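Undergrad: Residue numbers (the UniProt record's numbering): 1 to 250.
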């Protein structure tokens, strides 16, 4: 019995000697849904643009689904509100040579939804300026609270972050009203449909979905409905590959 365990002990010792990215490199058809921090990458030391790039390189996807419009993907254009693309992701995408899919709507559908959302917020500003001010203050407070909570990149992907974001989603729906909820649902459903279709149509492929920290949970739940066995826990996976946070200077 003792002799039969020796090869396993040897393998365990060998794995312990490997770098983190080698131990966590996915095999087969895994799906990882990663939430980028958008403008907060520049403010969160544990998950800056360099760390984001390390994570993308470590996962080594066959296919990547991006939170951009088709025209932004084709043109590698600027992406307002998502600085990670011109800062890093476009260059990584060109060097990686992987298949890329845009999850946001484009063309007339984008114009329709963006216009409706803008109209809903404009109406809020006219009819309930106090509510509009409160929503802006809550959004800023949420970012401050998240930055205080985050100490490791893996925490940006965890359930605590998701619950904090959910509170903002609920408050925004209540204050802005049903017209906005309808538009937001159509936007979210459209992106989820692209993500799930991509996952289902590429069996045996490693798929990386790059959303944002505010919709990562929604996108992961959409994938779980069609391919639960393929999902990799983003917080657990990031925890295995993240670089240790540098200690604060005295």
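Just so you know, even glycine gets a beta-carbon here, dropped at the ideal spot from N, CA and C.
Remember, it's a predicted structure, so these values are computed and weren't measured experimentally.
Can you find the residues in the same chain that come closer than 8 Å, C-beta to C-beta, to residue 168, ignoring five residues on each side of it along the sequence?
TA: Along the chain shown, read from residue 1 onward, the residue named residue 168 stands at position 168. Excluding sequence neighbours, residue 168 sits near 138, 139, 142 and 214.
Undergrad: Grouping DSSP H, G and I as helix and E and B as strand, with all else coil, what is residue 195?
TA: Along the chain shown, read from residue 1 onward, the residue named residue 195 stands at position 195. Of the three classes helix, strand and coil, the one that applies to residue 195 here is helix, per DSSP.
Undergrad: I believe residue 102 touches residue 64 by the beta-carbon criterion, under 8 Å. Please report the beta-carbon distance rounded to the nearest angstrom.
TA: Counted from its first residue, the chain shown places residue 102 at position 102. Counted from its first residue, the chain shown places residue 64 at position 64. Not confirmed; about 10 Å, so no contact.
Undergrad: Around the C-beta of residue 71, are 16 or more other C-beta atoms found within 10 angstroms, so that it is buried, or is it exposed?
TA: Position 71 of the chain shown, counting from 1, holds the residue named residue 71. Per the 10 Å Cβ criterion, exposed.
Undergrad: Rounded to whole angstroms, what is the Cα-Cα separation between residue 39 and residue 62?
TA: Against the chain shown, residue 39 aligns to sequence position 39. Against the chain shown, residue 62 aligns to sequence position 62. Distance between the alpha carbons of residue 39 and residue 62 is about 27 Å.
Undergrad: My output table needs one value for residue 37: the three-state DSSP class, helix, strand or coil.
TA: Residue mapping note: residue 37 aligns to position 37 of the chain shown, counting from 1. Correct three-state label for residue 37: coil.
Undergrad: In three-state terms, what does DSSP make of residue 159?
TA: The residue labelled residue 159 in the question sits at position 159 within the chain shown. In the structure shown, residue 159 sits in a helix (DSSP, three-state: H, G or I).
Undergrad: So what does DSSP say about residue 72, is it helix, strand or coil?
TA: Residue mapping note: residue 72 aligns to position 72 of the chain shown, counting from 1. Helix at residue 72.
Undergrad: Which residue from 77, 208 and 73 puts its Cα closest to that of residue 31?
TA: Walking along the chain shown from the start, residue 31 turns up at place 31. The shortest C-alpha separation from residue 31 is found at 208.
Undergrad: Looking at residue 90 and residue 56, is the spacing between their C-beta atoms short of 7 Å?
TA: Your numbering for residue 56 matches position 56 in the chain shown. Your numbering for residue 90 matches position 90 in the chain shown. Not a contact, by the Cβ cut-off of 7 Å.
Undergrad: If you follow the beta strand (DSSP E) that residue 100 is in, where does it begin and where does it stop?
TA: Against the chain shown, residue 100 aligns to sequence position 100. First-last of the beta strand (DSSP E) with residue 100: 99-102.
Undergrad: Please report the straight-line C-alpha distance between residue 149 and residue 49, rounded to a whole angstrom.
TA: For the purposes of this step, residue 149 is taken as residue 149 along the chain shown, with counting starting at 1. For the purposes of this step, residue 49 is taken as residue 49 along the chain shown, with counting starting at 1. Approximately 19 Å, taken between the alpha carbons.
Undergrad: State the DSSP-derived secondary structure class of residue 81, mapped to helix, strand or coil.
TA: Reading the chain shown from its first residue, position 81 is the one you call residue 81. Residue 81 falls in the coil class under three-state DSSP.
Undergrad: If you measure between the beta carbons of residue 68 and residue 216, is that distance less than 7 Å?
TA: The sequence position of residue 68 within the chain shown is 68, counting from 1. The sequence position of residue 216 within the chain shown is 216, counting from 1. No; because the gap between Cβ atoms is not below 7 Å, this pair is not in contact.
Undergrad: Which one of 79, 195, 87 and 206 has the shortest CA to CA distance from residue 52?
TA: In the chain shown, counting from the first residue as 1, residue 52 sits at position 52. Here the closest residue by C-alpha is 87.
Undergrad: Counting Cβ pairs, one atom from each stretch, are 3 or more of them under 8 Å apart for the stretch 149-161 and the stretch 71-83?
TA: They do not touch, by the three-pair rule.
Undergrad: Using DSSP bridges, identify the partner residues of residue 211.
TA: Against the chain shown, residue 211 aligns to sequence position 211. In the DSSP output, where bridge partners are listed per residue, residue 211 has 35.
Undergrad: Quick one: what's got a C-beta closer than 6 Å to residue 219's C-beta in the same chain, skipping five residues either side?
TA: Taking the first residue of the chain shown as 1, we reach residue 219 at position 219. Counting only Cβ-Cβ distances below 6 Å, and skipping sequence neighbours, we find 33, 195, 209 and 211.
Undergrad: In the DSSP output, which residue or residues are listed as bridge partners for residue 66?
TA: The residue given as residue 66 occupies position 66 in the chain shown. According to DSSP, residue 66 bridges with 102 and 210.
Undergrad: Between the C-alpha atoms of residue 66 and residue 222, what's the straight-line distance to the nearest angstrom?
TA: For the purposes of this step, residue 66 is taken as the residue at position 66 of the chain shown. For the purposes of this step, residue 222 is taken as the residue at position 222 of the chain shown. Answer to the nearest angstrom: the Cα atoms are 15 Å apart.
Undergrad: From residue 74 to residue 97, what does the alpha carbon distance come to, in whole angstroms?
TA: By 1-based counting over the chain shown, the position of residue 74 is 74. By 1-based counting over the chain shown, the position of residue 97 is 97. Approximately 14 Å between the Cα atoms of the pair.
Undergrad: Taking only the alpha-carbon atoms, compute the straight-line gap between residue 120 and residue 190 and give it to the nearest angstrom.
TA: Position 120 of the chain shown, counting from 1, holds the residue named residue 120. Position 190 of the chain shown, counting from 1, holds the residue named residue 190. Answer to the nearest angstrom: the Cα atoms are 19 Å apart.
Undergrad: Taking Cβ to Cβ, would you say residue 157 is nearer than 7 Å to residue 235?
TA: Position 157 of the chain shown holds residue 157. Position 235 of the chain shown holds residue 235. Going by C-beta atoms, residue 157 is nearer than 7 Å to residue 235.
Undergrad: Name the residue from 187, 59 and 226 whose alpha carbon lies nearest to the alpha carbon of residue 106.
TA: The residue given as residue 106 occupies position 106 in the chain shown. Looking at the Cα atoms, 187 is the closest of the given residues.
Undergrad: Within a Cβ cutoff of 7 Å, which residues of the same chain sit near residue 161, ignoring the five residues on either side of it in sequence?
TA: Start at 1 with the first residue of the chain shown, and residue 161 comes out as number 161. Excluding sequence neighbours, residue 161 sits near 146, 155 and 213.
Undergrad: If we define contact as Cβ-Cβ less than 7 Å, is residue 147 a contact residue for chain C?
TA: Note that chain C does not occur in the displayed structure, where there is just one protein chain.
Undergrad: Out of 135, 112 and 130, point me to the one whose CA is closest to residue 171's CA.
TA: Here residue 171 is taken as the residue at index 171 of the chain shown, counted from 1. Looking at the Cα atoms, 135 is the closest of the given residues.
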